[in-house]
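To start, the structure itself, in structure tokens.
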Amino acid sequence: MKHFTTLLDVTPADLDEIFDVSADLKAKQRRGERPALLAGRVLALLFEKPSLRTRVSFEAAMAHLGGTTTFLTGKEAGLGGREALCDVARVLSRFADAIALRTFSQQLIEDFRGYATSPIINALSDDLHPCQALTDLFTLKEVFGDLAGRTLAYIGDGNNVARSLAIGTGMVGMSMVVAAPPGFELDRAFLSRLRRRVPATNLTQTTDPLAAVANADVVYTDVWASMGQEAEADRRRQIFAAYQVSAALLAHAPSGCRFMHDMPARRGEEVTDEVLDGPQSLAFEQAENRMHVAKGLLVWLLDGRAGA
Numbered sequence: 628m629k630h631f632t633t634l635l636d637v638t639p640a641d642l643d644e645i646f647d648v649s650a651d652l653k654a655k656q657r658r659g660e661r662p663a664l665l666a667g668r669v670l671a672l673l674f675e676k677p678s679l680r681t682r683v684s685f686e687a688a689m690a691h692l693g694g695t696t697t698f699l700t701g702k703e704a705g706l707g708g709r710e711a712l713c714d715v716a717r718v719l720s721r722f723a724d725a726i727a728l729r730t731f732s733q734q735l736i737e738d739f740r741g742y743a744t745s746p747i748i749n750a751l752s753d754d755l756h757p758c759q760a761l762t763d764l765f766t767l768k769e770v771f772g773d774l775a776g777r778t779l780a781y782i783g784d785g786n787n788v789a790r791s792l793a794i795g796t797g798m799v800g801m802s803m804v805v806a807a808p809p810g811f812e813l814d815r816a817f818l819s820r821l822r823r824r825v826p827a828t829n830l831t832q833t834t835d836p837l838a839a840v841a842n843a844d845v846v847y848t849d850v851w852a853s854m855g856q857e858a859e860a861d862r863r864r865q866i867f868a869a870y871q872v873s874a875a876l877l878a879h880a881p882s883g884c885r886f887m888h889d890m891p892a893r894r895g896e897e898v899t900d901e902v903l904d905g906p907q908s909l910a911f912e913q914a915e916n917r918m919h920v921a922k923g924l925l926v927w928l929l930d931g932r933a934g935a
């Protein structure tokens, strides 16, 4: 049984398959076609954290493919202790063909996976955000074609998005440069695991955002304070002030450089309006592609027949 709790659950060949299905279904939708590849299938969305893009992209994806979704908060599902986790996983698996969890703890997702009898999707944890990185790689493939040899500069906090991008770029042969303040970079334990699992990883870290973007094909940023870090927001604004992605920063990158942000964006903090809304920005293409890639991922997980 396939799962998608981390990008390490897939191979480069799997990525190609998911991207091919996603591109095919995106093209079909543009032509007004919505093949019911998942008719009769049910996706359960079990979310402890709020969401716009993740929830709606999965709901729209299932609807377009002829399936249905059911949405549960962690409290509704009994994750707060009303039921043992093993019981929630086993029962929900009997109702749903796949389960997407958006939660704080990566360990909860892994434990859920151990008990479930349906494919599990990590729709975000504090440690990883593989669905976002999958979408980002798909979006870059649309723009650049072959990704091998390209460079992604990540400016900001070494958070769940940065970790998943580090895995994904290594898998497709991209280089990644992380520019973060001291103490906010990707940690050594993660990097050690990454290089052991993805030996082709080419990742460097710096505290200098100008140096990071110098050879970048794409500059990527994320919020400085993620969900659950609201109490740190004021302190982080001060620490990260020099890491804002502005037109001045992009001027130090090659002329064909593109900009990415997984959103939601704190306009005027990690990115300026001029960049987010500007011609180099792929942010809204990324947002749309969350739905198209959700389709490709669901078809891959549930063995839907692409092209039916």
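As numbered in the numbering used here, the sequence shown has no gaps in its residue numbers, which increase by one up to the final residue, 935. Each residue gets a CB set at the ideal place from its N, CA and C atoms; glycine is no exception.
Closest in C-alpha terms to Leu-719, from the list Gly-701, Gln-733 and Ser-732, comes Gly-701. Secondary structure note for Ser-802: it is in no alpha helix (DSSP H), and the uninterrupted beta strand (DSSP E) holding it is 802-806. In this structure, the alpha-carbon of Gly-785 lies about 22 Å from that of Leu-774.
Take the alpha-carbon of Ala-874 and the one of Glu-912: they are about 20 Å apart.
The C-alpha of Arg-777 lies about 32 Å from the C-alpha of Glu-737.
The criterion of a C-beta distance shorter than 7 Å is not satisfied by Arg-740 and Thr-899. Boundaries of the alpha helix (DSSP H) harbouring Gln-656: 639-657, taken from the DSSP string. Scanning its chain for C-beta atoms nearer than 7 Å, with the 5 sequence neighbours on each side dropped, one finds around Gly-707 the residues Gly-701, in chain order. Straight through space, the alpha carbons of Ala-869 and Leu-665 are spaced by roughly 47 Å.
Pairing Gly-659 with Pro-677, the inter-Cα distance amounts to about 31 Å. Nearest in C-alpha terms to Gly-810, of all of Phe-674, Gly-800, Gly-783 and Pro-826, is Gly-783.
Residue ranges of uninterrupted beta strand (DSSP E) with 3 or more members, entirely inside the region 700-732 and ordered along the chain, are 725-729.
Look at His-630 here: in three-state DSSP terms it is coil, with no helix or strand label. Pairing Cys-758 with Ile-794, the inter-Cα distance amounts to about 12 Å. For Phe-867, the three-state secondary structure derived from DSSP is helix. Of the candidates Ala-807, Ala-727 and Ser-908, the residue whose Cα lies closest to the Cα of His-888 is Ser-908. DSSP places Phe-674 within a strand segment (E or B) once states are collapsed to three. If you draw a straight line from the Cα of His-756 to the Cα of Glu-769, it comes to about 21 Å.
Between Val-804 and Ala-839, the CB-CB gap stays under 7 Å. If you ignore the 5 residues before and after Ser-802, its C-beta comes within less than 6 Å of the C-beta of Thr-778 and Asn-829, all in its own chain and listed in chain order.
Burial of Asp-844 is indicated by the presence of at least 16 other C-beta atoms within 10 angstroms of its C-beta.
Separation of the CB atoms of Met-890 and Ala-910 is rounded to 6 Å, and the pair is thereby assigned contact status at 8 Å.
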